[in-house]
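A.B. asks: Line order of the protein sequences matches chains F and W. Under the working numbering, the letters of the first sequence match residues 20 to 130, in that order. Under the working numbering, the letters of the second sequence match residues 1330 to 1444, in that order. Right, I'll just put the structure down here and ask away after.
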Amino acid sequence: ETGVTQSPTHLIKTRGQQVTLRCSSQSGHNTVSWYQQALGQGPQFIFQYYREEENGRGNFPPRFSGLQFPNYSSELNVNALELDDSALYLCASLMDGNEQFFGPGTRLTVL
Amino acid sequence: AQSVTQPDIHITVSEGASLELRCNYSYGATPYLFWYVQSPGQGLQLLLKYFSGDTLVQGIKGFEAEFKRSQSSFNLRKPSVHWSDAAEYFCAAKSNAGNNRKLIWGLGTSLAVNP
C-alpha cells in the first residue's frame, strides 16, 4: 500500500472520445509522474508535474495533457482517443527524492 | 541514448530454486537503479534500489541485487523462489543529474514458478 490512489479502476471509451484519469498522491509528495503501460510492455513516461508545473515530457502527442492541483492531486487528459491508447495508466508520486510510489493504475480500453 | 535492457522475456523456475533476472543499462553516467515487481492487475511495487555505496543491495521479500559498473548490470537475485513470486519484474533507471526524474524502464521479465 503506497498511499497513491487512482480512479477509475477501469474505463471503456470509443475512438474520438475524451477521457480524464485521476490520481491522488501520497501525502506531502509534490511531484507526480504519469506512465502508459501497454499490454506486455514496460511503462512509458508520459509527463511529470512538479508543484503544478509540467517539468518533463516523454514522446507523447499534445492530445495527452495533464494538471496538478494545489493539493498535489493530478489529472491525465487524453483527447481524440485512438485504439492504441488502450493501456494501463499509472501515476507515481515522489517528494524531492528518487523513489517513486505507484498507484494501482487505471485500465483504459478504447473500442 | 539512455536505455535499460532486460534480456530475458520469460523465465520459469521451480519452487525452491534460485533465481537471477538480468538487467543492463546504457547511460552516460551511473544512474540510479531500481527493481519493481508487478503482479497481475496490480500496480508496481519497489523491491530495491541502488543509488551509491555498497554494490550488493538488499530488498524486500528476500530479493537482492548486485550493481556491477564494469558490466553495466544490475541483476536481481533470490536464493529460493516461492510460488508467490510469480509476477512481472521490471528494471528501471533514472539519471542522477539535475531535476530529471524520468524513469527509463526495461520491457520486463515474466517469472513463472513451477510447484
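Ideal Cβ placement from N, Cα and C applies to all residues, glycine included.
#1: State buried or exposed for residue 123/F, treating a residue as buried only when at least 16 other CB atoms are found within 10 Å of its CB.
#2: Could you tell me if residue 128/F is buried or exposed, where buried requires 16 or more neighbouring beta carbons within 10 angstroms of its beta carbon?
#3: Which one or two residues does DSSP pair with residue 1400/W in a beta bridge?
#4: Considering only C-alpha positions, which residue in the set 1412/W, 1440/W, 1398/W is nearest to residue 1356/W?
#5: Would a C-beta distance cut-off of 8 Å place residue 61/F and residue 1363/W closer than the cut-off?
#6: Can you tell which of 109/F, 126/F, 92/F has the C-alpha that lies nearest to the C-alpha of residue 49/F?
#7: Please report how far the alpha carbon of residue 1439/W lies from the alpha carbon of residue 1340/W, in whole angstroms.
#8: Might you give, ordered along the chain, the residues of its own chain that have their beta carbon closer than 7 Å to the beta carbon of residue 104/F, omitting 5 neighbours on each side?
#9: Based on the DSSP output, what are the partners of residue 1420/W in its beta bridges?
#10: Hey, could you find the ends of the beta strand (DSSP E) residue 1441/W is sitting in?
#11: If you measure from the beta carbon of residue 80/F to each beta carbon in chain W, is any gap under 8 Å?
#12: Rounding to the nearest angstrom, what Cα-Cα distance links residue 73/F and residue 90/F in this structure?
#13: Give the residues from the stretch 1332-1360 of chain W that approach chain F closer than 7 Å (Cβ to any Cβ), ordered along the chain.
#14: So, residue 1410/W versus residue 1342/W, is the Cβ gap smaller than 8 Å?
#15: CB-CB under 8 Å to residue 37/F, same chain, minus the five flanking residues each way: which ones, in chain order?
#16: Does chain W have any CB closer than 8 Å to the CB of residue 94/F?
#17: What does residue 123/F reach in chain W if we use C-beta pairs closer than 7 Å?
C.D. replies: Taking the geometry as given:
#1: Mapped onto the first sequence, residue 123/F falls at position 104. The residue is buried, with at least 16 neighbouring Cβ atoms inside 10 Å.
#2: As a working mapping, residue 128/F is identified with position 109 in the first sequence. With fewer than 16 other Cβ atoms within 10 Å, it is exposed.
#3: What you label residue 1400/W is simply residue 71 of the second sequence in a count that begins at 1. Bridge partners of residue 1400/W: none, in fact.
#4: Taking the second sequence and counting its residues from 1, the one referred to as residue 1356/W is at position 27. The residue with the shortest Cα to Cα distance from residue 1356/W is 1398/W.
#5: Here residue 61/F is taken as the residue at index 42 of the first sequence, counted from 1. Here residue 1363/W is taken as the residue at index 34 of the second sequence, counted from 1. The answer is no: Cβ separation not under 8 Å.
#6: In the first sequence, counting from the first residue as 1, residue 49/F sits at position 30. With distances taken between Cα atoms, residue 49/F lies closest to 92/F.
#7: Taking the second sequence and counting its residues from 1, the one referred to as residue 1439/W is at position 110. Taking the second sequence and counting its residues from 1, the one referred to as residue 1340/W is at position 11. Near 6 Å, if we compare the C-alpha coordinates of residue 1340/W and residue 1439/W.
#8: Indexing the first sequence from 1 puts residue 104/F at position 85. For residue 104/F, where only same-chain residues beyond five positions count, the Cβ hits under 7 Å are 97, 127, 129.
#9: Counting from one through the second sequence, the residue named residue 1420/W turns up at place 91. The partner list for residue 1420/W (beta bridge, DSSP) reads 1364/W.
#10: Position 112 of the second sequence, counted from the start, is the residue given in the question as residue 1441/W. Per DSSP, residue 1441/W belongs to the beta strand (DSSP E) from 1438-1443.
#11: For this step, residue 80/F is matched to residue 61 along the first sequence. Not an interface residue.
#12: Against the first sequence, residue 73/F aligns to sequence position 54. Against the first sequence, residue 90/F aligns to sequence position 71. Going from the Cα of residue 73/F to the Cα of residue 90/F covers about 15 Å.
#13: none
#14: For the purposes of this step, residue 1410/W is taken as residue 81 along the second sequence, with counting starting at 1. For the purposes of this step, residue 1342/W is taken as residue 13 along the second sequence, with counting starting at 1. For residue 1410/W and residue 1342/W, yes; Cβs fall inside 8 Å.
#15: Reading the first sequence from its first residue, position 18 is the one you call residue 37/F. 96, 97, 98, 99, 100, listed in sequence order.
#16: Residue numbering aside, residue 94/F sits at position 75 when the first sequence is read from its first letter. It does not; no Cβ of chain W falls within 8 Å.
#17: Here residue 123/F corresponds to residue number 104 of the first sequence, with the count starting at 1. 1371, 1372, listed in chain order.
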